[in-house]
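To start, the structure under review is shown below, and the notes come after it.
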Amino acid sequence: MTPLGEKLVWAGQRLRARLGPQLQNLAQELPTDLTEILPQRATIVRVHASHGFAVSKLRELLSRAHDIGLDLRYVSNQNSLVSLAHDACDLAGVHIPQGELRKEAVAATRPWLVPGEHRVIGFVTREMGLMVKRGNPLKITSLERLLSTRVRFVNRDPESGTRLLFDQLIARSCTWTRLASTPPRSSGG
């Protein structure tokens, strides 16, 4: 392929990556706008969530039900909670990690939830990690290793649940690294 051809392919991929989710979101808003003019189905479930396999599966399952419609909007974790708090959706998709960071994440959702009116229901678990070049030539085996000047890292968009989790892990990792590298203070003498 010529340098021009390579550049055009690269530009096309970049456009799809940047504009694809926005165009998909706009395409999903159109049926909602049309249902305002057309006869309504018995029930419309309004879901605001980030992209994910569970959301796609929910759409698939609800499409089989003839008396349930779906108004799906792809938004960030924070925006889905804001939508739920302002009654703009019925279900808000939120990423909540397991382990040590779970309490922090649940505490961050509390200002948006009304006890007795809202519930947190866990229904999907996924495993996340880092993708590295074949053979892991930079020997990346921990988050601390990402601090090396030799490592280039492509992160998720700032409001994604994965990015929020990653930022928490990096902040903890950097704190642990600083603590581990700080020499003990002498007690004086």
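The opening position of the sequence shown corresponds to residue 183 in my numbering, with each subsequent residue numbered one higher. Beta carbons: idealized from backbone N, C-alpha and C, even for Gly.
Practice prompt. Could you check which residue in D272, L283, L240 has the C-alpha nearest to that of Q165?
Written response: The requested residue 165 does not occur in the structure, where the chain is confined to residues 183 to 371.
Discussion item. For the segment 254-274 against the segment 286-303, do three or more pairs of beta-carbon atoms, one drawn from each stretch, fall closer than 8 angstroms, so that the two count as touching?
Written reply: Touching, yes.
Discussion item. Can you look up M183 in the DSSP assignment and give me helix, strand or coil?
Written reply: Note: M183 maps to coil in three-state DSSP.
Worksheet item: Where does L197 land, buried or exposed, given buried means 16+ other C-beta within 10 angstroms?
Response: Exposed: under 16 other Cβ atoms inside 10 Å.
Worksheet item: Are three or more beta carbon pairs between the segment 261-278 and the segment 224-238 nearer than 8 angstroms?
Response: Flag = yes, the segment 261-278 and the segment 224-238 touch.
Discussion item. Tell me the rounded alpha-carbon separation between V302 and P279.
Written reply: Looking at the two C-alpha atoms, the distance is approximately 13 angstroms.
Worksheet item: Is it true that the CB of L240 sits closer than 9 angstroms to the CB of L263?
Response: No; because the gap between Cβ atoms is not below 9 angstroms, this pair is not in contact.
Fill in: Bridge partners - P213, DSSP secondary structure assignment
P213 has no beta-bridge partner at all, per DSSP.
Practice prompt. My understanding is that S355 touches L312, with C-beta atoms under 8 angstroms, so please give their C-beta distance in whole angstroms.
Written response: With a Cβ gap of about 12 angstroms, S355 and L312 do not count as contacting.
Discussion item. For A209 and R316, I'd like the C-alpha separation in whole angstroms.
Written reply: Near 37 angstroms, if we compare the C-alpha coordinates of R316 and A209.
Fill in: Backbone CA spacing between G202 and T307 [nearest angstrom]
Each residue's alpha carbon lies about 25 angstroms from the other.
Worksheet item: Do S232 and S330 have their C-beta atoms closer together than 9 angstroms?
Response: In this structure, S330 does not lie closer than 9 angstroms to S232 by Cβ.
Worksheet item: Based on the DSSP output, what are the partners of V333 in its beta bridges?
Response: As DSSP reads the structure, V333 sits in no beta bridge.
Fill in: Through-space distance from A236 to L244, alpha-carbon basis
Straight-line Cα distance between these residues: approximately 12 angstroms.
Worksheet item: What did DSSP end up calling R367 once you bin it into helix, strand or coil?
Response: With a pLDDT of 46 at R367, under the threshold of 50, the modelled position of this residue cannot be trusted; read the value that follows with caution. Coil at R367, not helix or strand.
Practice prompt. Work out the CA separation of P319 and R332 for me, nearest whole Å.
Written response: Cα to Cα, the separation comes out at about 11 angstroms.
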